[in-house]
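One structure is given here, and the rest of the page talks about it.
In the numbering used here, the protein residues as written are 24 to 217.
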């Protein structure tokens, strides 16, 4: 079971989930292949490649002692750098006049990241759970009730993090709740005013 939990935990890293939901969103929103490529490329560079590179460099320099960044204080630098990358991705998306849904999605990732950094100052919250809840909320927003079939993914990720003794149940539940609620609020509010 431990091997399965590790596979789930690594297969659904927050950057992986981010790229997947931007791919789904790009195909949902755009008929134009170039707009899809631009949207997905921004997500790949700023939401996947650069965060993985930063984490790897911090790991190699000994700033993070294990692949799970299990100590709360080790997470601060990657979280802050991730928030800046998300901010840059959002600014580039605005500059390129991407669809308001994509901009709202970057905004929800940015606000979730800021909350993650703030909470991490005094308590360890599950970024994996938050990173799974955001795409689930997006799927719920664009697919409606059909998205409930995908709830198994955030639940499996939460189970894996608890099973590996990396998070408590409350840390996973709060991560799920924050990611889910922030995303739905931002998408609903942003799309009404844009």
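We put the beta carbon where it would ideally sit given N, CA and C, even for glycine.
Report the residue from the options whose alpha carbon sits nearest the alpha carbon of residue i.
i           : options               : result
residue 164 : 213, 119, 147 and 148 : 213
residue 36  : 171, 47, 90 and 51    : 90
residue 25  : 94, 189 and 200       : 189
residue 84  : 30, 203, 174 and 100  : 100
residue 180 : 166, 143 and 159      : 159
residue 59  : 102, 29 and 116       : 116
residue 108 : 167, 88 and 75        : 75
residue 211 : 173, 186, 124 and 43  : 124
residue 203 : 174, 79 and 95        : 174
Rounded to whole angstroms, what's the CA-CA distance from residue i to residue j? Just pull it up for me.
i           : j           : result
residue 86  : residue 169 : 42 angstroms
residue 183 : residue 32  : 6 angstroms
residue 97  : residue 51  : 36 angstroms
residue 45  : residue 53  : 12 angstroms
residue 112 : residue 121 : 11 angstroms
residue 167 : residue 29  : 31 angstroms
residue 200 : residue 145 : 18 angstroms
residue 27  : residue 208 : 33 angstroms
residue 34  : residue 177 : 12 angstroms
residue 73  : residue 43  : 16 angstroms
residue 95  : residue 79  : 17 angstroms
residue 56  : residue 215 : 26 angstroms
Do residue j and residue i come within 9 angstroms of each other at the CB atom, strictly closer than that value?
i           : j           : result
residue 92  : residue 140 : no
residue 134 : residue 205 : yes
residue 137 : residue 104 : no
residue 157 : residue 41  : yes
residue 162 : residue 47  : yes
residue 119 : residue 61  : yes
residue 39  : residue 69  : no
residue 143 : residue 102 : yes
Answer yes if the region 116-130 comes into contact with the region 52-70, meaning at least three C-beta pairs across the two stretches below 8 angstroms, and no otherwise.
-> yes
Kindly confirm or deny that the region 146-162 and the region 187-201 touch, where touching means at least three C-beta pairs closer than 8 angstroms.
-> yes
Which ranges does the alpha helix (DSSP H) cover as unbroken runs of at least 4 residues, wholly within the region 168-194, from first to last along the chain?
-> 175-186
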